[in-house]
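Worksheet: the structure to be examined is printed underneath.
Protein chains: 2
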Amino acid sequence: MGRKRAQVTLTDVAKRAGVSVATASKALNERDEVAPATRHRVIQAAEELSFQPNVLARSLISGNTRTVGLLTDELSAARFAIPVLLGAENALGNEQMSVLLCDARGDAIRRRHYIRALLARQVDGFIILGDNNEIRPSLSREIPVPVVYAYCESDDPADLSVVADDAGGARLAAEHLVSLGRKRIAHITGDPGYRAARDRAAALVEVLDAAGLPLIGEALFGQWSQRWGRHATARLLATHPDIDAIFCGSDQIASGVTEALRDLGRTVPEDVAIVGYDNWEVLAAECRPPLTTVDLNLEQLGATAVRHLFAALDGDHHSGVIRQPGRLVVRESTAVAGPIPRR
Amino acid sequence: MGRKRAQVTLTDVAKRAGVSVATASKALNERDEVAPATRHRVIQAAEELSFQPNVLARSLISGNTRTVGLLTDELSAARFAIPVLLGAENALGNEQMSVLLCDARGDAIRRRHYIRALLARQVDGFIILGDNNEIRPSLSREIPVPVVYAYCESDDPADLSVVADDAGGARLAAEHLVSLGRKRIAHITGDPGYRAARDRAAALVEVLDAAGLPLIGEALFGQWSQRWGRHATARLLATHPDIDAIFCGSDQIASGVTEALRDLGRTVPEDVAIVGYDNWEVLAAECRPPLTTVDLNLEQLGATAVRHLFAALDGDHHSGVIRQPGRLVVRESTAVAGPIPRR
DNA sequence: GAAATCTTTGAAAACCTTTTCGGGAATAGT
DNA sequence: ACTATTCCCGAAAAGGTTTTCAAAGATTTC
């Protein structure tokens, strides 16, 4: 342990190029007080030794490590966090920055531990990555570097949060159903404890009101599961056999709904059109029929968060809530006359 | 940019405690050449200033950063990588180490870039995280620190790889079906390009041979999708209507198979018992009926990989392939006489 | 031809923490 | 009382890079 590897240091490069470390440093850092010939010699030497500047030593001087801490809350429920993470990592990669990832597993103590661990590693900034678009207590007080919240919203309006636009997504779905001429639209969704569920339901009602249509039955809140989708569908059809569309709070629910409808002898989309939410490929694309659904654009959300983190690192701090719009993905579960080639 | 934050340094702590930095260091590092009273004073001062030792500066001296690089290949197909990652992170967390995560997206150039970036950050070791248990070219030549391969296997026998035991898992499933008295067992699985698919099929045949049973029909290779599961089931029943069990290569396939069987008027598990693979909760537990399946124990696999990485960091380098056993999760799709209260 | 200016280079300082080494003080033993 | 021992503290070094500043060299101007 502690056995240190043979590291190629700037001194080695300088020696090989026959210059001083100072000159070598300047040559490699694109400063212009160095003669072209010398620079070339240094660069060549660096390549020959496959020299990698030691980021750590540099950070002691320049103060930045080109590393951001990414704190997730519940990576095991990874469906949402991963795309955001990927989008973020993408955007970071272009800037030659790296990600230090920690997963707090929804535990406040563990989170504090990780925040300290990341700060000890001199990260330049933090991205707090939520997993359900929910409001949560601000952590910015404990963190002396810029923080951006992604797929969750800080309760401190001075923070910057980038969240998915649930209301907007639901409006897309609702307007799609209305534009198809459906009149008897119902809503089956997940846990009412989730803001996403409430926001989407509210937006649906809003659109229906504007179109002069009723919401058939109450919005049915339950769990985010196929099981609940099946159960709710049976219940709904028992009381309202005349529905012609169901907007579901998630693809998982929609998958259960579709199954139950088939069992009950209704065809999708002819008798009942279905719209899901999340565009979870494995369920949405493999469903019978494939589901029209709302994609949350999570990768873009992650990229947006990173962009704003960079701005903050440059001293340009924004605050408030940015709502990242989703987009409607039309598949057969609403496309009556063959797949609509809309994009 | 480059604006360095006000960092509490050991000097500040020492000053506040009225001792030298050396004494402060010793006091905080639990070395015993410091008077209890002095130590207490230092610790108190450190807490008052909420001092965080600068891990980076320390690493310049001691040579280790307590950070490992985790290089994934395709995080977007996250289903498999995430549990491994979580298990690894868990094991690392206990050792106060951190994870630097990079996702190469299956691109060799990007991978090289990340390896260099991580090396520049002085990571102590690497975990190469695969996503399909496959053999792949060794990267250890380009990496001057210990490397462990997880959920993939290096083609260099000098490397250490920790993979899921596909043959063992398939044996568990096959023996389960045999022990239930099923005699007409078929196999529907995914892409034959995957070693996992071939290994599982081979192990199944092995178990059946040992029990004196035939494999009904050929092993049906296709895609890892519900769609293929449905299609293959229809084909299978057309030629072999008398099957009484199907071992599926994944839960996704099993889900499609189950659906198709129901459509075709067969009951599960009475007429046909089903075993899936992966224990992908969303599909396996929500299926009708819930699926008996093989859990790959991926979290444990990640933890094992980390344990061996630590060993290697301590100079105790192993090599070869470690096969992490899976475990059978029994649910209703094979439990004929009511749910078995096994745990 | 000499002076002034500009370019290029290298020595040394700075960054922050840990560790080593030597000295000083207190305690115990003779 | 004096020496031997133990215990603790402070000064300084080490680690690799960047930056600063002074000096050397080259070029231009008068």
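Note that the protein sequences, when read in sequence, are chains A and B.
The first sequence begins at 1290 in this note's numbering and counts up one residue at a time.
The second sequence begins at 1290 in this note's numbering and counts up one residue at a time.
All C-beta atoms in this analysis are idealised placements derived from N, C-alpha and C, irrespective of residue type, glycine included.
Only a predicted model underlies this, so the values are computations on that prediction, with no experimental measurement involved.
- In this structure, the straight-line span from the alpha carbon of N1586/B to that of P1614/B is close to 7 Å.
- A buried status is given to E1548/A, since no fewer than 16 other beta-carbon atoms sit within 10 Å of its beta-carbon.
- Annotated as distal: A1527/A and A1380/A, with beta-carbon spacing of 8 Å or more.
- Not one beta carbon of chain A lies nearer than 8 Å to the beta carbon of S1539/B.
- DSSP places T1298/A outside both helix and strand once states are collapsed to three, so it counts as coil.
- By the neighbour-count criterion, in which a residue is buried when 16 or more other Cβ atoms sit within 10 angstroms of its Cβ, E1588/B is buried.
- In this structure, the CA atom of E1507/B is about 28 Å from the CA atom of E1570/B.
- Below the 8 Å Cβ cutoff, chain A contributes L1364, S1365, A1367 and I1371 as neighbours of I1371/B, in chain order.
- A1459/B places its beta carbon 8 Å or farther from that of V1373/B.
- Of all residues in the region 1321-1353 of chain A, only Q1341, P1342, N1343, V1344, L1345, A1346, S1348, L1349, S1351, G1352 and N1353 place a beta-carbon less than 8 Å from a beta-carbon of chain B.
- According to DSSP, residue pairing for D1420/B in a beta bridge does not occur.
- The residue from A1324/A, A1406/A, Q1296/A and V1331/A with its alpha-carbon nearest to that of V1310/A is V1331/A.
- Runs of the beta strand (DSSP E) lying entirely within the region 1499-1559 of chain B, each at least 3 residues long, are 1534-1537 in chain order.
- Per DSSP, reduced to three states, the secondary structure at Q1613/A is strand.
- For A1324/A, the three-state secondary structure derived from DSSP is coil.
- Assignment of E1442/A by DSSP, reduced to helix, strand and coil, places it in the strand class.
- Think of a sphere of 8 Å around the beta carbon of S1468/B: no beta carbon from chain A falls inside it, the nearest being about 29 Å out.
- Proximity of chain B to D1392/A at the Cβ level (cut-off 7 Å) is accounted for by L1375 and E1378, in chain order.
- When C-alpha distances from A1491/B are compared across G1457/B, S1514/B, V1452/B and H1465/B, the shortest belongs to G1457/B.
- With 16 or more other Cβ atoms inside 10 Å of its own Cβ, S1387/B counts as buried.
- With respect to chain A, the C-beta atom of E1575/B has a partner C-beta closer than 8 Å.
- The beta carbon of A1485/B sits closer than 6 Å to those of N1422 and D1455, all from its chain and outside the five residues before and after it, given in chain order.
- For C1391/B, the CB contacts under 6 Å within the same chain, skipping 5 residues up- and downstream, are L1360 and Y1403 in chain order.
- DSSP places T1356/A in the uninterrupted beta strand (DSSP E) bounded by T1356 to T1361.
- The C-beta of R1484/A comes no closer than 8 Å to any C-beta of chain B.
- Chain order gives the chain B residues near V1388/A as L1389, L1390 and C1391, where near means a beta carbon separation below 8 Å.
- The contact set of S1514/B on chain A, defined by CB atoms closer than 7 Å, consists of E1575 in chain order.
- Between R1473/B and I1424/B, the C-beta gap is not smaller than 8 Å, which leaves the two residues out of contact.
- In this structure the region 1342-1354 of chain B lies against the region 1405-1412 of chain B, because at least three pairs of beta carbons, one per stretch, are closer than 8 Å.
- Where V1412/A is concerned, there is no enclosing beta strand (DSSP E), because DSSP gives it neither an H nor an E.
- At least one C-beta of chain B is nearer than 8 Å to the C-beta of L1408/A.
- Restricting attention to beta strand (DSSP E) runs no shorter than 3 residues, the region 1364-1388 of chain B encloses none.
- Straight-line spacing of the CA atoms in R1555/B and A1453/A works out to 43 Å.
- DSSP places I1432/B in no alpha helix (DSSP H); its state is neither H nor E.
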